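This report refers to the structure that appears directly beneath it.
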Amino acid sequence: MEKERLVTRSYCCILAANFLLYFGFWLLIPILPFYLADTFHATQSAIGIVLSCYTVSALCIRPFSGYLLDTFSRKPLYLFAYFIFMSMFAGYRMAGWLSLFIVVRIVHGISFGMVTVGGNTIVIDIMPSSRRGEGLGFYGLTNNLAMSVGPMFGLFLHNAGTSYDTLFAYGFGSCLLGLTAASLVKTPYKPPVKREPVSLDRFILLKGLPAGASLLLLSIPYGMTTNYVAMYARQIGITAETGFFFTCMAVGMAVSRLFSGRLVDKGKITEVIQAGFYLVCLSFFLLAGCGWLMAWNTMVTTALFFGIALCLGVGFGIMFPAYNTLFVNLAPNNQRGTATSTYLTSWDVGIGIGMVTGGCIAELTSFKIAYLFGAALTVGSFFYFRLKVTPHFHHHRLR
């Protein structure tokens, strides 16, 4: 009984820490393109490149963070990365030149890559294996809840004329509270691990590469959406508060978490992912279509715009915990960190590509063409997952 209470308390603390970390993260996501344009007069393609530095740096540290978390004590590494992540919000306030902003952005991405792998791995350690899918689902839900209020809060303050320095201060304060919660997490004892000779499979889960390729293609349009949807709405003439797009998306994710994790725990991993694909593919085609539908009916298109956000939330909310569990089930217990880092690395590569290609395509043509390109990628990802990833997973799964 005492052990169960300790697990519950630690799990609640890690949930609070993750929510507060992602609140600070999502608070700035829709604001930074405007900040770069207003402060440094950056073009759309330049904005995409600068913002992608964050993802590229997170990508570079992911494989090494998985190796370190599998080798050393996880909590100290997690807290150290959390502290650096928090500190970078103050760094943004001091970045008076674009080159210095890029440096801060890179360090922020490195710390994000470490802290997210650490948090996911600690959750896997805390939760019993019979409830791992459900535990990861609710852990991911804290990200979704942060996404529901963070961008809306940030855009509301930005539209109300709040200074960028104040917005950075809100992000810093959120992470300071999160770091306090993270320090209260009690992790199970992890005996010292004899470090094996360095090899590729210590940094990347080789059996997870097919699933990683599918996830990468899927995350490209997701990266376009989280970073450019507010600019897209402005470009096509949607005047409603675009912060509600993220709220609707998060509500959809929250609803899906109520049942998707349990289905994953029952072994329906690939079935759950394929179901999510149907919603996501349809939603991105409709999102691209909003650019043409605005000329037909503004009110209907605006309603459809927010309905798409809800459907995207349900689709991705179904897929996230299932994909995470898929990677973990392909790895032995001593490579949980490596499995998680491979999962998140695949996601980060696609997000970075989405930031760069979304900005470049929008500058050459328009955002609606960029989203149409992203929709086509989701279809390709679906067929690759169904024809290649599913049989590969069922052949190589360890649990």
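So in our numbering, spot 308 of the sequence shown is number 308, and the numbers just go up one at a time.
Cβ atoms here follow ideal geometry from the backbone N, Cα and C, with glycine treated the same way.
All values reported here derive from a predicted model rather than from experimental measurement.
- According to the DSSP assignment, alanine 169 belongs to the alpha helix (DSSP H) that extends over 164-182.
- Less than 8 angstroms separates the beta-carbon of lysine 207 from that of histidine 396.
- With respect to the C-alpha of threonine 162, the residue from Phe34, Pro221, Ala16 and Phe138 having the closest C-alpha is Phe34.
- Contact check for alanine 288 against tyrosine 371 passes: the beta carbons are separated by less than 8 angstroms.
- Restricting attention to Gly140, Phe72, Thr71 and Tyr222, the CA atom closest to the CA of asparagine 18 is found in Gly140.
- Shown here, phenylalanine 72 sits in coil according to DSSP, grouped into three states, outside any helix or strand.
- Counting along the chain, no alpha helix (DSSP H) covers isoleucine 29, and no H or E run does either.
- A contact between stretches requires three or more CB pairs, one per stretch, nearer than 8 angstroms, and the region 250-267 meets this requirement with the region 310-323.
- Between alanine 160 and leucine 28, the alpha-carbon positions lie close to 15 angstroms from each other.
- Counting other Cβ atoms within 10 Å of its Cβ, phenylalanine 156 stays below 16 and is therefore classed as exposed.
- The closest CA to that of isoleucine 124, considering only Phe153, Gly154 and Asn329, is found on Asn329.
- For alanine 370, the enclosing alpha helix (DSSP H) covers residues 367-384.
- Of the candidates Ser214, Met224, Lys75 and Leu326, the residue whose Cα lies closest to the Cα of phenylalanine 373 is Met224.
- Bounds of the alpha helix (DSSP H) holding histidine 392 are 390-396.
- Under the three-state reduction of DSSP, leucine 205 is assigned to coil, being neither helix nor strand.
- Within its own chain, the residues whose Cβ lies closer than 7 angstroms to the Cβ of methionine 88, once the five positions on either side in sequence are excluded, are Val104, Val107, His108 and Ser111, listed in chain order.
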